[in-house]
Amino acid sequence: MIASASILDLLEEKFGAAQITRQATADGIPTFWTPRENVQETLRWLKFDVERPYRMLYDVTAIDERERVNREGQPPSDFTVVYVLFSFERNEYVRIKTALSESSLSVGTITGIWPSANWYERELWDMFGIVVEGHPHLERILMPRSWVGHPLRKDHPARATEMGPYQLTPRKEEYEQELLRFRPEDWGMQSGRGETDFIFLNLGPQHPGTHGVFRTVLQLDGEVIVDAVPDIGYHHRAAEKMGERQTWHTYIPYTDRVDYLSGVVNNLAYLNSVERLAGIVPPPRARVIRVMMTELFRIINHLVWYGTFAQDVGQLSPVFYTFNDRERAFAIVETICGARMHPNWFRIGGVAQDLPNGWQELFRDFLKYLPPRLKEYDRAVLGNRIFKARTVGVGAYDTQTAIEWGVTGPNLRATGFEWDFRKKQPYSGYEDFEFDIPTGKNGDCYDRAIVRVEEMRQSLRIIEQCVNNMPGGPYMSDHPLATPPIKKFTMHDIETLITHFLNVSWGPVLPPGEAMCPIEASKGSNGYYLVSDGSTNSYRTRIRTPSFPHLQMLPLLCRGRMIPDLVAILGAMDYVLADVDR
Numbered sequence: 007m008i009a010s011a012s013i014l015d016l017l018e019e020k021f022g023a024a025q026i027t028r029q030a031t032a033d034g035i036p037t038f039w040t041p042r043e044n045v046q047e048t049l050r051w052l053k054f055d056v057e058r059p060y061r062m063l064y065d066v067t068a069i070d071e072r073e074r075v076n077r078e079g080q081p082p083s084d085f086t087v088v089y090v091l092f093s094f095e096r097n098e099y100v101r102i103k104t105a106l107s108e109s110s111l112s113v114g115t116i117t118g119i120w121p122s123a124n125w126y127e128r129e130l131w132d133m134f135g136i137v138v139e140g141h142p143h144l145e146r147i148l149m150p151r152s153w154v155g156h157p158l159r160k161d162h163p164a165r166a167t168e169m170g171p172y173q174l175t176p177r178k179e180e181y182e183q184e185l186l187r188f189r190p191e192d193w194g195m196q197s198g199r200g201e202t203d204f205i206f207l208n209l210g211p212q213h214p215g216t217h218g219v220f221r222t223v224l225q226l227d228g229e230v231i232v233d234a235v236p237d238i239g240y241h242h243r244a245a246e247k248m249g250e251r252q253t254w255h256t257y258i259p260y261t262d263r264v265d266y267l268s269g270v271v272n273n274l275a276y277l278n279s280v281e282r283l284a285g286i287v288p289p290p291r292a293r294v295i296r297v298m299m300t301e302l303f304r305i306i307n308h309l310v311w312y313g314t315f316a317q318d319v320g321q322l323s324p325v326f327y328t329f330n331d332r333e334r335a336f337a338i339v340e341t342i343c344g345a346r347m348h349p350n351w352f353r354i355g356g357v358a359q360d361l362p363n364g365w366q367e368l369f370r371d372f373l374k375y376l377p378p379r380l381k382e383y384d385r386a387v388l389g390n391r392i393f394k395a396r397t398v399g400v401g402a403y404d405t406q407t408a409i410e411w412g413v414t415g416p417n418l419r420a421t422g423f424e425w426d427f428r429k430k431q432p433y434s435g436y437e438d439f440e441f442d443i444p445t446g447k448n449g450d451c452y453d454r455a456i457v458r459v460e461e462m463r464q465s466l467r468i469i470e471q472c473v474n475n476m477p478g479g480p481y482m483s484d485h486p487l488a489t490p491p492i493k494k495f496t497m498h499d500i501e502t503l504i505t506h507f508l509n510v511s512w513g514p515v516l517p518p519g520e521a522m523c524p525i526e527a528s529k530g531s532n533g534y535y536l537v538s539d540g541s542t543n544s545y546r547t548r549i550r551t552p553s554f555p556h557l558q559m560l561p562l563l564c565r566g567r568m569i570p571d572l573v574a575i576l577g578a579m580d581y582v583l584a585d586v587d588r
């Protein structure tokens, strides 16, 4: 990351030092506070007027500050709204905060600046009860419409055992069903045009084309999609709330379940931020092992996507072939980690164990096995004329549109924009590896496929470098906050034994601070924004997933298309509902 305080100087020059309060953070991201009434003007200036602007709205979230102890140098605040922007020209994030009192819990909408703010602002209301004035449709987005309370407030229960037993009476079931009834007028939609009546069709939440429990209501003129209203939240299971309930190290298994097709990739995104807060630098061997396993899971993710996408557009055989290849990769994961889909194997400061004897042969066999298979799939899938007819020119968007909607990863690179955080902001030693960044040209479903297929070949290339150049030395940091601690520090005396016991059971106590160190995950940029209050667990855990902004873009991509095109657009997007809903 390019460290730069100049943006803060420019902000003070533009708006006056009295309107800009700087805050130091562990991640080095330029962070400042501005009054609520200045937020929209400040964000607009950062997007449109500053030199090398911050064109992407990366994330919007909030913090319930009412129980936080360590807030030195920060303005008084009951709730804080946090905006994160990204500038590709600067290769830099900027974090903007505004303080709210409990008696005046509202901010103005920024949907007129970024259309992608729509879902983020609905989440502010849903999870924190923060009113977003001027929002076009402010209602719950992740929780059921009948839910009472706002779950990410500190006074909301964190466990089901803290709440009364759930009972679904016939009357309540009828009430819940009625709340799910779609009313076009609530969304400003017309029931017809001239003498034509539109059809409103529920696609999902139980439909194979939605890749999980996801519902979208289609406004149809015959078979042509006039508009769509995505309805998410059916897979929400309080991943961020659990991050604030669990200790730093016992939360690692929960991250596996966010993008549940990418395993340890989630661990790495989380641990990057934890280790930045703790001041831990994993040793070289641990970093290379992490890269090797992360790239293996990138291939695993893409194999699932490849087979299911081909199935979405009418090919049945490829899904069996790619899932068989995935099983071969899982055999390696199981041998090394002891588990397959959710290995929970990375640790604060390194990995759980060293590599077992014979690990090189496992990888070398896979490196020989997969390339011919990918070549065969190129002919059977990418070269298939029906596949091309279903994907070429479908769901296309350009680079500017992608950035406007917060698109990252393969879906951004398919527009021809060569941007990969492994190259641009290297982490875990990625700067030491040689690999190319595949790009497309047209930003359509076919180009998104081309990019992901080539990414698998580049991941194989990275894995081969890991196998051939694996460093020696420890697989775990000797930093006192690493978990589990180095075993040799255990049996010297009773004090070291007690320290070891507490570090394993309660976990480390991280110093107060904030950090977000995003990675290039399988589906795009994934970042964990963590706030430590000097405790054994996170005060605020925010998961910025790539699938959330990607799926929000769906109506833009499918308007004017046919229903089969919608299925192709969803498949090419490569989202996971757990990654959307958290």
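All the letters of the sequence shown, read from the start, carry residue numbers 7 to 588 under this note's numbering. All C-beta atoms in this analysis are idealised placements derived from N, C-alpha and C, irrespective of residue type, glycine included. Fair warning: this is a prediction, and the values are worked out from it, not measured in the lab.
Measuring straight from C-alpha to C-alpha, what distance separates residue 440 and residue 458? 18 angstroms
At a cut of 8 angstroms, does the segment 490-507 reach the segment 58-69 through at least three beta carbon pairs? Contact between the segment 490-507 and the segment 58-69 is absent: fewer than three C-beta pairs spanning the two stretches fall below 8 angstroms.
Quick one: what's got a C-beta closer than 6 angstroms to residue 423's C-beta in the same chain, skipping five residues either side? 405
Range of the contiguous beta strand (DSSP E) that encloses residue 234: 230-237
Entirely enclosed beta strand (DSSP E) segments - the segment 257-322, minimum 3 residues: none
Comparing C-alpha positions only, which one of 46, 563, 283 and 130 sits nearest to residue 119? 46
Measure the alpha-carbon distance for residue 411 versus residue 418 and round it to whole angstroms. 10 angstroms
Straight-line Cα distance separating residue 159 from residue 87: 13 angstroms
Secondary structure at residue 543, three-state DSSP: helix, strand or coil? strand
Buried or exposed: which applies to residue 54, given that a residue is buried once 16 or more other Cβ atoms fall within 10 Å of its Cβ? exposed
Tell me which same chain residues have a C-beta within less than 6 angstroms of the C-beta of residue 519, skipping the five on either side of it? 32, 283 and 538
Taking the beta strand (DSSP E) that residue 106 falls in, what are its first and last residues? 98-106
Rounded to a whole number of angstroms, what is the C-alpha to C-alpha distance between residue 452 and residue 399? Spanning the two alpha carbons is a distance of roughly 8 angstroms.
As assigned by DSSP and simplified to three states, the class of residue 138: Here residue 138 sits in strand by DSSP.
From residue 60 to residue 39, what distance separates their C-alpha atoms? 17 angstroms
Just mark residue 333 as buried or exposed, buried being the case when its beta carbon has 16 or more other beta carbons within 10 Å. Per the 10 Å Cβ criterion, exposed.
Neighbourhood of residue 10 by C-beta distance below 8 angstroms, restricted to the same chain and skipping five residues each side: Legend: pLDDT at residue 10 = 46, less than 50; position of this residue unreliable, value from coordinates given subsequently. Contacts found: 36, 96 and 98.
Please report how far the alpha carbon of residue 2 lies from the alpha carbon of residue 348, in whole angstroms. The structure shown does not extend to residue 2, since the chain spans only 7 to 588, so no value can be given for it.
In angstroms, rounded to a whole number, what distance separates the CA positions of residue 104 and residue 41? Rounded to the nearest angstrom, the two C-alpha atoms are 6 angstroms apart.
Measuring straight from C-alpha to C-alpha, what distance separates residue 541 and residue 140? Each residue's Cα considered, the two are about 38 angstroms apart.
Are the Cβ atoms of residue 415 and residue 529 separated by less than 8 angstroms? yes
Measuring straight from C-alpha to C-alpha, what distance separates residue 182 and residue 227? 29 angstroms
Return helix, strand or coil for residue 436, following the three-state DSSP convention. helix
Is the CB of residue 288 under 8 angstroms away from at least one CB in chain D? In the displayed structure, chain D is absent; only one protein chain is listed.
Taking DSSP as the reference, what is the three-state secondary structure of residue 8? The pLDDT assigned to residue 8 is 39, lower than 50, so where the model puts this residue is not dependable; a value taken from the coordinates is nonetheless given after this. The answer is coil: DSSP assigns residue 8 none of H, G, I, E or B.
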